[in-house]
Amino acid sequence: MEMELVNKTIGDCLAGRVKASPDKIAIEYWDKNYTWSEVDLVSDYLAVRMCSFGMKKGDHVGLWSVNTPNWVLTFLALLKIGAVPVLINTCYLEHELMDIIRYADIKYMYYGDGYKSLLYETMIDQVKREAWCKVERWIPIGRDGEGKWMTEKSFFTAEKSKKEMIKLARVKRQVQPEDIAGMLFTSGTTNIPKGVMLSHYNLVNNSLETAVRMKWNENDKLFLVVPLFHCFGITSGLLASIHAGCTIHLMKYFKTKKVLDHIDKYSCTVLNGVPSMFLAIIRNPAFSEYSLKSLRSGIIAGSPLSSKEYISICQRIPGIDLIPSYGQTETSPCVTIADREDYFGRKAETAGKPISHVELRIYGTQTGLILEHDKIGEIQVRGYNVMQGYYNLKKETEAVIMEDGWLRTGDLGYLDRDGYLHVVGRRKDMIIRAGENISPQEIESYIKDLSNVQDVKVIGIPADVVQEKIVACVIPVPGIPFSEPGILAYLKPRLAHYKIPSHVMQFQSFPMTASGKVLISELKKQVIDRLEQENKPD
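When the letters of the sequence shown are read in order and numbered with the numbering used here, they come out as residues 1 to 538.
As structure tokens, then:
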């Protein structure tokens, strides 16, 4: 049964949640709780203050902070006045922040204290000195001088007056479902960020589908540790919780032992994450010291996952019904999701079927034909969830969204006979060796079967004559013998000769994005540097 699409703004959805369960705990953050009515009221007062600063519908407003109550309140307040939140990666350094401010035409900036060792105030002081910087106002959203988060007491009496509430109501009515609700950036694995523009309609319906399909409800406590600057955190975390009425247990960023402790201590029932997060949880030496019996549900998405890894996660956390999904920022993000009723093997091997009102096809990039089942090609998507475009990048938008509405995802995959999607990898990650196209994921799947391998990434690096040579980057299981010849000997009878890696390199860890994806460009750089060092004459 298909879900009906709704024509609402995010503000409308929040108002509906407040009406349905005003006194239910909406946000739980360490020692601070907010009910849904408090979230609505405080974000109203903040919206009034924003208007007094001169912010208006359509203004681009930067939001740069780890996951905190103030992040959520600021995001919702911006949407109430029709401003466009520009969601900034918490890991960015000074030059990256400058690039985003310039590219996104940011007019106002809300910022937190920092991320791990990064101090935002220090970087912002430098940006302010740049002659080109057009930011009109910089507003901190960390804890206040008394170490507290935003509440009704954070605002002046005048900001809470009936007169201001009447004015705000008029401003809210100007916001429409087709308006842009956020500018989010592609994952950061490319050098040039592209600002993906998503509307209220995109996000409201994608998050509603997620909440309905997952059957989350007011009795659930959703542990939101996925970064809120990513679409996964917004749609499957914050907005899905508004639809379902879940309590959001918020954590500023992922740290394995703290995640284990909070699930145990606060009895969280829902945990969404990328594969690397779940794998870090089950591989942590302290895993057995904590109880995860409260977990019943979750979505795993964001990067490829082998069936072996999926099975391992589910075996170690037996109470969780872990649902694989596929999507990208450009699709709000969900495209496919497994059914909770699907048998275990199907969940382990596929990313599910397309969600309601979304079409999916497999396109042969060399033949120009739509491919039949079991044929690998580019995954293409059409539906309400497709982005409005890349900000100020007309050519790049036209390159991925065709005239008939189909989005070129750049991902490779195939549909099986039953219509389930199997994701193979990225087109740009394909290795070309002596004219042969080679899927890194195929080689990785064999190496992951070895008991002495914890993680592996297969990459291609430039080579004379053959275009690229294959390098397997391996994180071994601690304490188990590991050797390059042993891995190569294992692969030779299982893969065609041209798929055998030229090198196997051992790593303790891989460079990662804040969302838990391996930073392939940086990994390639490290490999090339190591090979150059090895080849230097003594």
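Built from N, CA and C at the ideal position, the CB exists for glycine as well.
Extent of the continuous alpha helix (DSSP H) run through residue i
i: Thr256; result: 256-266
i: Cys314; result: 307-316
i: Ala496; result: No alpha helix (DSSP H) holds Ala496; DSSP gives it neither H nor E.
i: Gly345; result: 344-349
i: Arg283; result: 275-283
i: Arg102; result: 94-104
i: Ile242; result: 240-244
Where residue i falls: helix, strand or coil (DSSP)
i: Asp411; result: strand
i: Glu534; result: helix
i: Phe223; result: strand
i: Lys252; result: coil
i: Phe75; result: helix
i: Thr336; result: strand
i: Ala131; result: coil
i: Arg170; result: helix
i: His357; result: coil
i: Met505; result: strand
i: Ala399; result: helix
i: Val527; result: helix
i: Asn437; result: strand
i: Tyr446; result: helix
i: Leu87; result: strand
i: Val424; result: strand
i: Arg17; result: helix
i: Val518; result: strand
i: Met3; result: coil
i: Leu488; result: helix
i: Thr235; result: helix
i: Met55; result: coil
i: Pro193; result: coil
Burial state of residue i (16 or more Cβ within 10 Å)
i: Gln289; result: The displayed chain sequence assigns Glu, not Gln, to residue 289. Glu289 should be labelled exposed.
i: Pro227; result: buried
i: Asp418; result: exposed
i: Asn206; result: buried
i: Met214; result: buried
i: Asn70; result: buried
i: Lys517; result: buried
i: Thr122; result: exposed
i: Thr367; result: exposed
i: Trp36; result: buried
i: Asn202; result: buried
i: Lys308; result: exposed
i: Thr272; result: The displayed chain sequence assigns Asn, not Thr, to residue 272. Buried.
i: Thr157; result: exposed
i: Glu164; result: buried
i: Thr190; result: Confidence in Thr190 is poor, its pLDDT being 45 and thus under 50, which makes the residue's placement unreliable; the coordinate value appears in the next sentence. Thr190 comes out exposed.
i: Gln533; result: exposed
i: Ile166; result: exposed
i: Ser236; result: buried
i: Ile355; result: buried
i: Gln315; result: exposed
i: Asp464; result: exposed
i: Lys80; result: buried
i: Gly54; result: exposed
i: His497; result: exposed
i: Ser161; result: exposed
i: Gly195; result: buried
Run of the beta strand (DSSP E) containing residue i, from where it starts to where it stops
i: Asp144; result: First-last for Asp144: undefined, no H or E at that position.
i: Tyr384; result: Note, Tyr384: premise wrong, no beta strand (DSSP E); not H, not E.
i: Lys457; result: 453-463
i: Ser297; result: 297-300
i: His230; result: Looking at the DSSP string, His230 is not in any beta strand (DSSP E), and its letter there is neither H nor E.
i: Val212; result: Looking at the DSSP string, Val212 is not in any beta strand (DSSP E); the run it does join, the alpha helix (DSSP H), is 200-214.
i: Glu468; result: 467-476
i: Leu184; result: 180-185
For residue i, the residue or residues it bridges with in DSSP
i: Trp64; result: Tyr111
i: Tyr618; result: Residue 618 cannot be examined here, being either before or after the span of the chain that is shown, 1 to 538.
i: Met50; result: Per DSSP, none; premise fails for Met50.
i: Ile25; result: Thr35
i: Gly327; result: Cys334
i: Asp321; result: Ser297
i: Leu292; result: For Leu292, which the question treats as bridged, DSSP gives no partner whatsoever.
i: Leu118; result: Tyr115
i: Pro140; result: Tyr111
is_contact[residue i, chain D] using C-beta, thresh 9 Å
i: Gly233; result: Reference to chain D is not applicable here, since this structure consists of a single protein chain.
Cβ pair count under 8 Å reaching 3, the region 353-373 against the region 391-404: no
Cβ pair count under 8 Å reaching 3, the region 25-44 against the region 350-365: no
The region 504-522 touching the region 466-484, judged by at least three CB pairs closer than 8 Å: yes
contact_flag[the region 89-98, the region 53-71] where n(CB pairs < 8 Å) is 3 or more: yes
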